[in-house]
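Engineer: In the order they appear, the protein sequences are chains U and H. For any residue, its number in this note's numbering is found by taking its place in the first sequence, counting from 1, and adding 14. Just so you know, this note's numbering puts 51 at position 67 of the second sequence, and the rest follows in order with no gaps. Glycine included, each C-beta is placed from N, C-alpha and C at the ideal position. Fair warning: this is a prediction, and the values are worked out from it, not measured in the lab. So that we are looking at the same thing, I have put the structure below in C-alpha cells.
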Amino acid sequence: MGSVAGIGDLRDKVENINALPTIPGVLKRLLGVIENPRVSLNEISNFVSNDPALTTKVLKMVNSPVYGFPGRISSVNQAVILLGLSVVKGLLLGVSVFDLMQKTMIGLWEHSLGCAIIARLIAEKKGLKEPEEASIDGLLHDIGKVLLILRFPDKYEKAMHDADINGMGIYEAERLHYGTTHASVGSWMAQKWRFPQKLVDVIEHHHKPHLSKSAPVESAIVHLSDILVRARGFGFAGDHTLMAVNPKSWQMLGLSEADLRDVLWTFEESLEMTEDLAL
Amino acid sequence: MPKTTPDKLKPGMKLLRPVTNRGGMVLLGEGTELTAALIEKIRDMDADSIFVQGISPPSTSKEEALSDLDRRFKSAEGKPYMDVIKKALREHIEGLYG
Chain U
15 MGSVAGIGDL RDKVENINAL PTIPGVLKRL LGVIENPRVS LNEISNFVSN DPALTTKVLK
75 MVNSPVYGFP GRISSVNQAV ILLGLSVVKG LLLGVSVFDL MQKTMIGLWE HSLGCAIIAR
135 LIAEKKGLKE PEEASIDGLL HDIGKVLLIL RFPDKYEKAM HDADINGMGI YEAERLHYGT
195 THASVGSWMA QKWRFPQKLV DVIEHHHKPH LSKSAPVESA IVHLSDILVR ARGFGFAGDH
255 TLMAVNPKSW QMLGLSEADL RDVLWTFEES LEMTEDLAL
Chain H
-15 MPKTTPDKLK PGMKLLRPVT NRGGMVLLGE GTELTAALIE KIRDMDADSI FVQGISPPST
45 SKEEALSDLD RRFKSAEGKP YMDVIKKALR EHIEGLYG
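What follows is the structure in C-alpha cells.
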C-alpha cells in the first residue's frame, strides 16, 4: 500500500462503498439521491419526509445549537428552504452515516457535533456570510474516518491501536496503514457526492489548512475547531494526541483571547442542549 | 444548566430561550429574569423543559479536569500559539466551576 496503484485501488473501494452488504437500504437510497446531479430541493424534502425516523433526526439537528435557528424550524420543507441544498445534503449524510460506526470509534459523533458548533461560532465571529456552511464543514470533516472504518474495519482498529501505543496522531497512523489519510478519503467522497468545492477543500485540508486554495478561511476555522474540541476533552476522534495549530492559519483568523473565551463559553451552553442529538 | 424542568427554576435565573405556549406564541422573551411570580406562571403552564442561561458544574473535580487538560496538551507543548490556546482553555475550565 502507498504506491500510486495502491491508492487508486483504495479509492475505488471506498467510492463503491454503496455495494457493501453492511450498508442499510435506506442509506443506499439516500446516497443515490445525494449523488444525483440534478436532484431538486423538492426531491430531497420528499425523500426525508417519507421517512419518519430521518425526519425526526433532521428536525432535531436543525433546531439544535449546531445551527442558528433554535426551536424555530417545524418542517423539513422549511429546513430545506432556510438552509439550502448543500447544507441539507450534508446534514442528511451526517445523521445517517455516523450511525453505522458508533461502536468502532465511540465519540466521533460527539467530536463532529462539537466541531460543527465551534466552527459556526468562529464563522459568526469572523462575519462569514453563511455560518451554517461552517457547521456542515465541521460536521463532515472527519467523514473519511467513517468511510475507512466501514470499508476496512480491522485495519482501522490496528491503526487506532498503533496511534495509541506509539503516542502518534491517527492521521499519521492512517498514512502508515493505508498510504493516505481520512482527509483525502473524505474529500474523494465529498466530490463523488457532489458537495461544493469549498467543502471538498476543507475536508482535504483540515490538518493542513495553509495548503487550501479555494477555502483557506473555512479550512482554518475547521482546523482550529478540531483542536478546540479535543483540547476541551469533548468526544473522541481516534487518538489522544492534540495536533498543534498551524501558525499561518491561526494568524489569519486573528482571534483574540476574549474571542476564544466567548466561543468556548457559548459552546458550553450549546452542548447542554445537544444531549438529545445522540444517534 | 440550560435545559431544566419548571420545578428547578429559581428567582434570578434568566431565560436562554423564550417560553412559548403550545401554539408557539412567545409568553416570556429570551433574557427575561425570572421572579417568583413568573416561575409560578411557568409551573402552571405544565411545560416539560425550560432553557435558562448558565452552565451546570462538571461531574469531575476541578483538579482532575485541569490535570486532564495538561495531559491533553502534552503532545503540543512548545508549539507556536498553543500556549495561548491552553491558557484560554484553562481559564475556561476554571470558569465552569464558578
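Please list, in chain order, the chain U residues whose beta carbon lies closer than 7 Å to that of M66 (chain H).
Structural biologist: A258 and V259
Engineer: Within 8 Å of any Cβ in chain U, is that where the Cβ of S40 (chain H) sits?
Structural biologist: yes
Engineer: So with Cβ pairs under 8 Å, would you call M119 (chain U) a contact of chain H?
Structural biologist: no
Engineer: In whole angstroms, what separates the C-alpha of A67 (chain U) from that of V94 (chain U)?
Structural biologist: For A67 (chain U) and V94 (chain U), the distance between alpha carbons rounds to 17 Å.
Engineer: Suppose you measure from the CA of K262 (chain U) to the CA of I136 (chain U); what does that come to, to the nearest Å?
Structural biologist: Between K262 (chain U) and I136 (chain U), the C-alpha separation is close to 17 Å.
Engineer: Rounded to a whole number of angstroms, what is the C-alpha to C-alpha distance between P79 (chain U) and D176 (chain U)?
Structural biologist: 35 Å
Engineer: Only counting the same chain, and skipping five residues up and downstream in sequence, which positions put a Cβ closer than 8 Å to that of G13 (chain H)?
Structural biologist: L(-1) and P2
Engineer: For a quick check, are the C-beta atoms of E271 (chain U) and V68 (chain H) less than 8 Å apart?
Structural biologist: yes
Engineer: Using a Cβ-Cβ cut-off of less than 9 Å, list which residues of the region 224 to 245 of chain U approach chain H; keep chain order.
Structural biologist: Taking 9 Å as the Cβ-Cβ cut-off against chain H, the residues of the region 224 to 245 of chain U that qualify are L238, I241, L242, R244 and A245.
Engineer: Return the first residue and the last residue of the beta strand (DSSP E) that L(-1) (chain H) is part of.
Structural biologist: That residue, L(-1) (chain H), is in no beta strand (DSSP E); it is neither H nor E in DSSP.
Engineer: K(-13) (chain H) bridges to which residues according to DSSP?
Structural biologist: H:F35
Engineer: Could you name the residues of chain U that S51 (chain H) contacts, counting a contact when the two beta carbons are closer than 9 Å?
Structural biologist: Ordered by position in chain U, no residue passes the 9 Å Cβ test against S51 (chain H), which lies about 11 Å from the chain.
Engineer: For G59 (chain H), decide whether its Cβ has a neighbour in chain U, counting only Cβ atoms nearer than 8 Å.
Structural biologist: One point to set straight first is that residue 59 (chain H) is Ser, not Gly, in the sequence displayed. S59 (chain H) has a beta carbon lying within less than 8 Å of a beta carbon in chain U.
Engineer: Sort out for me which residues DSSP pairs V90 (chain U) with in a bridge.
Structural biologist: For V90 (chain U), which the question treats as bridged, DSSP gives no partner whatsoever.
Engineer: What would DSSP say about V102 (chain U), mapped onto helix, strand or coil?
Structural biologist: helix
Engineer: Below 9 Å between beta carbons is the criterion; list the residues of the region -13 to 1 of chain H that meet it against any residue of chain U, in chain order.
Structural biologist: K(-13), L0 and R1
Engineer: Taking only beta-carbon atoms, is L274 (chain U) less than 8 Å away from chain H?
Structural biologist: yes
Engineer: Please confirm if the region 122 to 138 of chain U is in contact with the region 225 to 237 of chain U, defined as three or more CB-CB distances below 8 Å between the two stretches.
Structural biologist: yes
Engineer: Using a 10 Å radius around the Cβ and a threshold of 16 neighbouring Cβ atoms, would you call Y81 (chain U) buried or exposed?
Structural biologist: buried
Engineer: Can you give, in chain order, each stretch of the alpha helix (DSSP H) that sits fully within the region 229 to 283 of chain U and has at least 4 residues?
Structural biologist: 230 to 246 and 261 to 267
Engineer: Using a Cβ cut-off of 8 Å (strictly closer), state whether I26 (chain H) contacts chain U.
Structural biologist: Not closer than 8 Å to any Cβ of chain U, the Cβ of I26 (chain H) fails to qualify, so no.
Engineer: Apart from the five residues just before and just after N260 (chain U), which ones in its own chain have a Cβ nearer than 8 Å to its Cβ?
Structural biologist: K222, P223, H224, A234 and H237
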